[in-house]
Every structure is written in structure tokens, then in C-alpha cells.
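Novice: Numbering (the UniProt record's numbering), first residue to last: 1 to 262. Beta carbons are placed, not taken as given, at the ideal position from N, Cα and C, and that holds for glycine. Fair warning: this is a prediction, and the values are worked out from it, not measured in the lab. Below is the structure I would like to discuss, written out as C-alpha cells.
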Ligand SMILES: C[S@@+](CC[C@H](N)C(=O)[O-])C[C@H]1O[C@@H](n2cnc3c(N)ncnc32)[C@H](O)[C@@H]1O
């Protein structure tokens with residue numbers, strides 16, 4: 001499952017509505033509708049192929065949300081560090097982990113940190129996950145983030161990145177507000193600038209372009225209904241139009257990559 005970002009707001013939403021309330025509604029719905037098993041069955045996780053080669057060390061997920069990736073490591077003995085700057089997301093993830101009998105609980109920590117402003121904990125990392133986070137930063141900021149990660153990683157650390165690609169349906173460079181919400185749409189060459197070849201070996205990359213599954217569409221529709229309602233839009237025609245416009249061209253177009261620190 002890819003967590004949905006709420007792009008419709010920058011062209012349809014009244015200005016007095018905050019993004020945060022809208023996101024909160026969305027995250028609550030994800031927690032309510034998607035079981036751990038649903039998240040895991042919909043997860044495309046290339047790290048699984050390299051799991052046996054992972055060095056000793058902690059797993060760090062930055063901007064973890066209700067991280068399907070960490071749920072995939074539910075019963076690991078490795079130290080798990082989940083970082084998000086929204087407490088509600090950390091609480092949801094913790095509840096998900098604690099609901100599983102097989103979870104190794106003592107090795108998990110949930111840190112409310114604002115990356116990259118706040119420092120990352122000092123540890124040896126086997127894996128650092130950036131799933132659906134870096135497109136909230138400009139490419140220049142991402143290059144600086146790459147330097148931080150180069151310092152925090154060690155020989156063999158794997159870095160997973162999932163970001164919206166230039167093919168993402170909301171990417172429209174002729175729109176002056178194109179990078180108002182998502183600050184950058186990526187190509188694999190952009191990621192190679194962030195994780196340069198003298199420091200990182202690229203071991204995996206995929207260009208994903210897919211239509212939403214039924215469960216993703218149903219989730220989005222329920223969220224739109226709730227969000228439009230919260231915005232006080234009662235006219236059924238206006239509501240239908242907003243939903244139709246939002247869902248019209250909606251696909252997921254992402255670049256996925258895994259780098260290994262040299
Ligand atoms: C689009 S969601 C992705 C969640 C999860 N990684 C996934 O792919 O399902 C982005 C998450 O990053 C968090 N986030 C955004 N900016 C952040 C920052 N500067 N530092 C830490 N977390 C951040 C948000 O609260 C949100 O939970």
C-alpha cells in the first residue's frame with residue numbers, strides 16, 4: 001500500500017482548510033481500514049531480496065508513518081528505530097506492532113523527530129528507509145540529506161528510497177504551483193545525485209507506473225467523502241465533481257531504488 005498524498009487540495013480546496021486535518025483524516029482511515037496483513041500483502045519490498053546480505057545493525061525508517069516496511073521486520077532481533085514528526089503516526093504504528101503476537105517489542109523505539117533538522121540517533125545502521133518522504137524536499141535539500149546519510153551509514157548499509165517520479169499524475173511543470181506540495185518529482189538520475197556512485201552502489205531500481213487497486217480506490221473515496229464533508233461542502237454536484245476530478249487521472253508513478261554504502 002502506498003500512503004496517499006492529498007494533492008487535490010492545491011487546486012480545489014478553500015484556503016482556510018489546513019492540510020493537517022485532512023492528513024489526519026486520511027491516516028485515521030488507513031489505520032481503521034487496512035489491517036497489518038493488508039499492508040503487508042500490498043507491499044512491494046525489494047529489500048527482502050537482500051535481507052540475507054544485511055550487515056549487523058539497526059533498521060531506521062525516516063518518515064515511517066504506519067510503516068509496512070517495519071511491519072515486515074516485526075519479529076526481528078535487530079534494533080528498530082521509527083522516526084516521524086507526527087505523533088499520531090507513531091502511535092498508530094506502535095498499536096499495529098503491539099497487536100502482533102510475534103512482535104519483538106523491546107528492540108523498537110518510536111521517535112518524534114523532525115528530519116533533517118533534528119539529528120538522527122547514533123547507531124550502526126543495516127538499513128535506512130525513506131518511503132514516500134524525499135519528494136517533500138527539493139532536489140538541493142535531498143543532496144544535503146544524502147550527505148547526512150553518507151555520514152550516518154557504514155560500509156554495507158542499505159538505503160531504500162521510494163519517491164514520486166516525473167511521470168506522477170500531478171506533475172505539471174507548466175503549473176506555477178507545481179512544486180508547492182511535492183517539492184520535487186524524481187528521475188533515477190536525480191537519486192544518483194543524492195546517493196553518488198563514489199559513495200554508494202546502486203543495487204536495485206524500478207520505475208513504477210500503476211493504476212490504483214480497488215482497495216486503494218475505496219480508501220481514497222471514503223477519505224474524499226469525509227474530507228469534503230469536513231470542509232463543509234454540502235452541494236452534491238460539487239462533491240461529485242471534486243471526487244470525479246480527483247480520481248480521474250490518478251495513478252501511482254514512483255521511482256524505487258536501493259543503494260548500498262561502499
Ligand atoms: C507520505 S507519508 C509516508 C509514510 C510511510 N513511510 C509510507 O510510505 O507508508 C510521509 C510521512 O513522513 C512524515 N514526515 C513528513 N515530514 C517529515 C519530517 N521532516 N521528519 C519526519 N517525518 C516527516 C509524515 O508525518 C508522514 O507520516
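For residue 251 versus residue 169, is the C-beta spacing smaller than 8 Å?
Specialist: yes
Novice: What first and last residue would you give for the beta strand (DSSP E) that runs through residue 111?
Specialist: 108 to 112
Novice: In chain order, what residues of the same chain lie with their CB nearer than 6 Å to the CB of residue 109, ignoring the 5 residues before and after it?
Specialist: 81
Novice: Rounded to whole angstroms, what is the Cα-Cα separation between residue 16 and residue 215?
Specialist: With a pLDDT of 42 at residue 16, under the threshold of 50, the modelled position of this residue cannot be trusted; read the value that follows with caution. When rounded, the distance between both Cα atoms is 30 Å.
Novice: Which residues in the same chain have their Cβ closer than 8 Å to the Cβ of residue 219, if we skip the five residues on either side of it in sequence?
Specialist: 4, 29, 30, 33 and 34
Novice: Using a Cβ-Cβ cut-off of 7 Å (strictly less than) and excluding sequence neighbours within five positions of residue 92, which residues of its own chain qualify?
Specialist: 27, 31 and 66
Novice: What's the call for residue 63, buried or exposed, on a 16-neighbour Cβ count within 10 Å?
Specialist: By the neighbour-count rule (16 or more Cβ atoms within 10 Å), residue 63 is buried.
Novice: If we ignore side chains and look at the alpha-carbon of each, how far apart do residue 120 and residue 147 end up?
Specialist: 13 Å
Novice: Inspect the CB distances between the segment 93 to 107 and the segment 134 to 148 and report whether three or more fall short of 8 Å.
Specialist: no
Novice: Does the beta-carbon distance from residue 127 to residue 59 come in below 8 Å?
Specialist: yes
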